[in-house]
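>
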Amino acid sequence: MDIKGIAEEVCKKTGVETTGRDVEKVLSGLTSSSHFWEVVCTAREPFSVVAEVVEVLKRTRLVKVDEQGDIYFTPEGMKFLKSRGITPRKDYTCPACEGRGIGLEKLKELVQKFDEVTADRPKAIIDYDQGFVTTRTVVSRIALMADRGDLEGKKLLVLGDDDLVSIAAGLSGMPAEVVVMEIDDRLVEYINDKATKLGLPVKAIKYDFREKLPDEYVGYFDTFTTDPPETLEALEVCMGRGLTGLSGEGCAGYFGLTRTEASLKKWNLFQQMLVDKFKVAITDIIDDFNHYVNWDYLLGSIRDDYSFVQVKPRLNWYRSSMYRIETLSGFKGMENKSMPCELYIDQEALIYRPGQM
Ligand SMILES: [Fe+2]
124 MDIKGIAEEV
134 CKKTGVETTG
144 RDVEKVLSGL
154 TSSSHFWEVV
164 CTAREPFSVV
174 AEVVEVLKRT
184 RLVKVDEQGD
194 IYFTPEGMKF
204 LKSRGITPRK
214 DYTCPACEGR
224 GIGLEKLKEL
234 VQKFDEVTAD
244 RPKAIIDYDQ
254 GFVTTRTVVS
264 RIALMADRGD
274 LEGKKLLVLG
284 DDDLVSIAAG
294 LSGMPAEVVV
304 MEIDDRLVEY
314 INDKATKLGL
324 PVKAIKYDFR
334 EKLPDEYVGY
344 FDTFTTDPPE
354 TLEALEVCMG
364 RGLTGLSGEG
374 CAGYFGLTRT
384 EASLKKWNLF
394 QQMLVDKFKV
404 AITDIIDDFN
414 HYVNWDYLLG
424 SIRDDYSFVQ
434 VKPRLNWYRS
444 SMYRIETLSG
454 FKGMENKSMP
464 CELYIDQEAL
474 IYRPGQM
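So for the sequence shown, this note's numbering puts the first residue at 124; every next one is plus one.
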């Protein structure tokens, strides 16, 4: 089978548009690592596409999978790579900042304080598709917002906060006020408790972003930050709420978007939505900015029919790009009313429910 044939088969099986170049990226990832989750990370392709490419390679005996779930090219596989000119991926990521372009030297104390304060944080649970980011990521988010002039003396809306960005922001001493809107009671209580004990200008309220924004917070904030679920509908509602919370032009929104659960086709549709519908400018997209700490429920929540997928990750493989958007005159939020939508499941989702594909 040639590369184009593999792409067609993967596309048919997953329902995700897949090109020969996409397949090449997975092949290239597999030449540098035998670990499935590292390949998902480096290939920057949807999870379902990587899994299906590996499955086709396995079936056609170009790779084999050992008892640990590691994936290796067979001699035929090696010949296949050579004849198509596939080489290992080059990685020149800056090791000091992990590619974020943010130096944390001036924020060492905040890194340490955040770790101390949040040592007893609630565990990530599947109910709300949680999975929080590393401390270096959280503090880099604070640094990025401050660097862009969106944090110091500003009012910050944190829409969903299992990452505890609100606590890091409070500890930084920079924002005037931080309001967290969060669906998980455990986190609302945890954040309010820490804020009281530490005297931080942070308040958490229970909120489901499918509901309308509380009236007092419409047009109230300077900046919002969120880590949205990645169905297109959820992205739309989440952006709509964040933007509705902003006070006018020149305000900013920050959020992560993955390659693992969002194909470039979805990126394209989403970017069009940001520009055409919401009328904002996309000022920054920082690849692989957000690194997530591995969460306990992963293997129980994904497909179990491929042995090479049911492998415990050996690295913080789940990453997302950091977007910054800025409002222009004439920007639009959304009508402030409740909006039911599918949050978690589409063809590109990591979480698997029977009948999904
Ligand atoms: Fe760097």
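Glycine included, each C-beta is placed from N, C-alpha and C at the ideal position.
These numbers were taken from a predicted model, which means no experiment stands behind them.
Am I right that Ser424 and Ile225 are in contact with their C-beta atoms under 8 Å? What's the rounded C-beta distance?
Actually they are not in contact, since the Cβ atoms of Ser424 and Ile225 sit about 31 Å apart, beyond 8 Å.
> Do you know whose CA, among Glu465, Arg437, Asp273 and Ile468, lies nearest Ser157's CA?
Among Glu465, Arg437, Asp273 and Ile468, the Cα nearest to that of Ser157 is on Arg437.
> Hey, could you find the ends of the alpha helix (DSSP H) Glu161 is sitting in?
Start and end: Phe159 to Ala166.
> Pairs of beta-carbons, one from the stretch 243-261 and one from the stretch 394-402, closer than 8 Å: are there three or more?
Judged by Cβ distances under 8 Å, the stretch 243-261 makes no contact with the stretch 394-402, as fewer than three pairs qualify.
> Do Val256 and Val416 have their beta-carbon atoms positioned less than 8 Å apart in this structure?
In contact: Val416 and Val256 (Cβ atoms closer than 8 Å).
> Expressed to the nearest angstrom, what Euclidean distance is found between the alpha-carbon atoms of Ser386 and Gln470?
Going from the Cα of Ser386 to the Cα of Gln470 covers about 10 Å.
> On the DSSP bridge list, what partners appear for Tyr377?
Bridge partners of Tyr377: Thr348 and Arg447.
> Please determine whether the Cβ atom of Leu220 lies at a distance below 7 Å from any heavy atom of ligand 1.
For clarity, residue 220 is Cys in the given sequence; the question names Leu instead. Yes, the Cβ of Cys220 comes within 7 Å of a heavy atom of ligand 1.
> For Leu282 and Arg364, which I take to be in contact (beta-carbon distance under 8 Å), what is that distance rounded to the nearest angstrom?
With a Cβ gap of about 6 Å, Leu282 and Arg364 count as contacting.
> Distance, Cα to Cα, Arg382 vs Trp160?
Using only the alpha carbons, I get a separation of about 13 Å.
> CA-CA distance, Glu140 and Arg184?
So the two alpha carbons sit approximately 24 Å from each other.
> Quick one: Cα of Val133 to Cα of Lys388, how far?
When rounded, the distance between both Cα atoms is 15 Å.
> Report the residue from Leu227, Glu221, Arg223 and Val262 whose alpha carbon sits nearest the alpha carbon of Thr241.
Checking every option, the nearest Cα to that of Thr241 belongs to Val262.
> Quick one: Cα of Gly431 to Cα of Lys181, how far?
Sequence inspection shows Phe at residue 431; the Gly mentioned does not correspond to that position. Roughly 10 Å separates the two Cα atoms.
> Here's the rule I'm using: 16 or more other beta-carbon atoms within 10 Å means buried, otherwise exposed. How should Gln253 be labelled?
Classification of Gln253: buried, given that the 10 Å Cβ count is 16 or more.
> Spatial neighbours of Met480 within its chain, please: C-beta separation below 6 Å, excluding the five flanking residues on both sides.
Only weak support exists for where Met480 lies, its pLDDT of 46 falling under 50; the value from the coordinates is given anyway. Result list for Met480: empty, nothing under 6 Å.
> Indicate the three-state DSSP secondary structure (helix, strand or coil) for Glu300 in the structure shown.
Here Glu300 sits in strand by DSSP.
> If you count every other CB in all the chains shown that lies within 10 Å of the CB of Ile129, and 16 or more means buried, which is it?
Under this definition Ile129 is a buried residue.
> If you compare alpha carbons, which of Lys277, Glu356, Met462 and Ile314 is closest to Phe347?
Closest by alpha carbon: Lys277.
> Return the chain-ordered list of same chain residues with a C-beta closer than 6 Å to the C-beta of Tyr441, the five sequence neighbours on each side being excluded.
Same-chain partners within the cutoff: Tyr415.
> Report whether the distance from the Cβ of Gly224 to the nearest heavy atom of ligand 1 is below 7 Å.
Indeed, a heavy atom of ligand 1 lies less than 7 Å from the Cβ.
> Tell me which same chain residues have a C-beta within less than 6 Å of the C-beta of Tyr330, skipping the five on either side of it?
The answer, listed in chain order, is Met304.
> Out of Leu321, Glu300 and Lys326, point me to the one whose CA is closest to Glu312's CA.
Considering only alpha carbons, the answer is Lys326.
> So, at 6 Å on beta carbons, what are the nonlocal neighbours of Tyr340 in its own chain, with the 5 sequence-adjacent residues on each side left out?
Gly368, listed in sequence order.
> Taking a contact to mean a Cβ-Cβ separation below 8 Å, would you say Leu294 touches Leu267 in this structure?
It is not a contact, given that the beta carbons lie outside the stated cut-off.
> What's the gap between the Cα of Ser461 and the Cα of Asn439?
The alpha-carbon atoms of Ser461 and Asn439 are separated by roughly 35 Å.
> DSSP beta-bridge partners for Arg442?
Looking at the DSSP assignment, Arg442 forms a beta bridge with His414.
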